[in-house]
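First residue of the sequence shown: 1325, per the working numbering; consecutive thereafter.
Where a beta carbon is used, it is the ideal one built from N, C-alpha and C, also for glycine.
Okay, so here's the structure we're looking at.
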Amino acid sequence: MKSLVSTQRPFAGVLLPFAPAAALLLVLLVLPMAPSARAQTQPCSETNGVKFLNVPNTLSGWDVYDSQGVVLADDFSCNTTGPITDIHIWGSWKSDSVGTITNFWLGIYNDIPAVTNGTTVIPSHPGTNLLWEQTFDQNHFSANRYASGNEYFFDPRSSNIIGGDTLAWYYCFYPTNPFVQQGTAANPTNYWLAAHPQLVDSAAYNFGWKTCVTNYHDVAVWIPEAGGKPLTGAPWTSIYDPFNNNAPVSLAFKITTPTNNPPPCCPETNGVKWIQLPNVPTGFDVNASGV
């Protein structure tokens, strides 16, 4: 069993027991929340129709470290050919200390399906074929505060808790050279979205990609980073929740395309003041019709 002794502030010398409630309590008791105004806070526009959505878990999920040395990726389905016009990611900053992103790299990979060898299952993962990539500088993506909720970070390289946060951010990207998906209803496929921000001061600021409330298909993965991108030739490693019986981890993001019908109403305007997210997987529908 791995003890959660962090070598980073503010947890030096603090032993966190192998229990999520106790770990979260200690994180919240010792975490200095220092808000910052260094994010690129411009409104995120919602365009076209939603093709794929992993809803963020802002109340009891994780923020998976996605900063210096690490690139994360997760898979999404495709059953309709067409270009990806928008990519949206939910993330947070350790201790709510927001760093300055110099550029945000996104890439889409082909899928290597899972393989079963007797009782051993090798999960699916990104292939070696980088189908699309784009680096977005500070002036070519938007970010909004999305929601509040006490959560905490873990580093997929060690499964150690490295901090906590209370604010979720919503990042929006609009590719200038959109990737054209090739899946169809008759021949659906999966792709992998990889993401990594480069920071002005990666030693002082840590970005994390939020986990989601549901798990699509297979577990998210990480790979060593070099120069803001995945290290060539390095293996992708699956990410499991060390505090929930090693349950698979999936990451929160949304993809929209012009081939999916946009919503008929309800445009998103201005900034979010308050939000109570729906409990889609395990919640109730309360009868409000009076019948």
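Beta carbon of residue i nearer than 8 Å to that of residue j
{"i": "Asp1399", "j": "Ser1448", "result": "yes"}
{"i": "Val1573", "j": "Trp1560", "result": "no"}
{"i": "Ile1563", "j": "Val1537", "result": "no"}
{"i": "Trp1456", "j": "Gly1431", "result": "yes"}
{"i": "Ser1466", "j": "Pro1367", "result": "yes"}
{"i": "Tyr1498", "j": "Gln1505", "result": "no"}
{"i": "Trp1429", "j": "Thr1452", "result": "no"}
{"i": "Leu1555", "j": "Thr1424", "result": "no"}
{"i": "Asp1489", "j": "Ser1391", "result": "no"}
{"i": "His1520", "j": "Gly1557", "result": "no"}
Expected contact under 8 Å - CB spacing of residue i and residue j to nearest Å
{"i": "Ala1438", "j": "Leu1517", "result": "Going by Cβ atoms, the distance from Ala1438 to Leu1517 rounds to 18 Å, so no, they are not a contact pair."}
{"i": "Glu1549", "j": "Val1388", "result": "With a Cβ gap of about 13 Å, Glu1549 and Val1388 do not count as contacting."}
{"i": "Tyr1495", "j": "His1412", "result": "7 Å"}
{"i": "Gly1507", "j": "Ala1492", "result": "About 30 Å; that fails the 8 Å criterion."}
{"i": "Asp1461", "j": "Asn1427", "result": "5 Å"}
{"i": "Ser1483", "j": "Pro1602", "result": "So it is not a contact: roughly 30 Å between Cβ atoms."}
Where residue i sits in the DSSP three-state scheme
{"i": "Asp1461", "result": "strand"}
{"i": "Ser1526", "result": "coil"}
{"i": "Asp1542", "result": "coil"}
{"i": "Ser1448", "result": "coil"}
{"i": "Trp1456", "result": "strand"}
{"i": "Phe1477", "result": "strand"}
{"i": "Gln1392", "result": "coil"}
{"i": "Leu1634", "result": "As displayed, the chain neither begins before 1325 nor continues past 1615, which places residue 1634 out of reach and without an answer."}
{"i": "Asn1441", "result": "strand"}
{"i": "Thr1581", "result": "strand"}
{"i": "Phe1400", "result": "strand"}
{"i": "Asp1609", "result": "coil"}
{"i": "Ala1471", "result": "strand"}
{"i": "Thr1382", "result": "coil"}
{"i": "Ser1562", "result": "strand"}
{"i": "Pro1502", "result": "coil"}
{"i": "Ser1466", "result": "strand"}
{"i": "Pro1554", "result": "strand"}
{"i": "Pro1602", "result": "coil"}
{"i": "Ala1345", "result": "Residue confidence is low: Ala1345 scores 42 on pLDDT, short of 50, so the model does not pin down where it sits. No coordinate-derived value is stated."}
Boundaries (first-last residue) of the beta strand (DSSP E) holding residue i
{"i": "Tyr1494", "result": "1484 to 1497"}
{"i": "Pro1548", "result": "1545 to 1550"}
{"i": "Leu1575", "result": "No beta strand (DSSP E) holds Leu1575; DSSP gives it neither H nor E."}
{"i": "Asn1378", "result": "1373 to 1378"}
{"i": "Ile1425", "result": "1425 to 1436"}
{"i": "Ile1408", "result": "Looking at the DSSP string, Ile1408 is not in any beta strand (DSSP E), and its letter there is neither H nor E."}
{"i": "Lys1418", "result": "No beta strand (DSSP E) contains Lys1418, which DSSP labels as neither H nor E."}
{"i": "Asp1387", "result": "1386 to 1389"}
{"i": "Val1537", "result": "Val1537 -> no beta strand (DSSP E), and no H or E assigned at all."}
| message | Under 8 Å: do the stretch 1519 to 1533 and the stretch 1403 to 1410 share three or more Cβ pairs, one atom per stretch? | response | no
| said: Pairs of beta-carbons, one from the stretch 1418 to 1427 and one from the stretch 1502 to 1519, closer than 8 Å: are there three or more? | reply: no
| Using 8 Å as the threshold, is the stretch 1576 to 1583 in touch with the stretch 1375 to 1383, meaning 3 or more CB pairs across them? | yes
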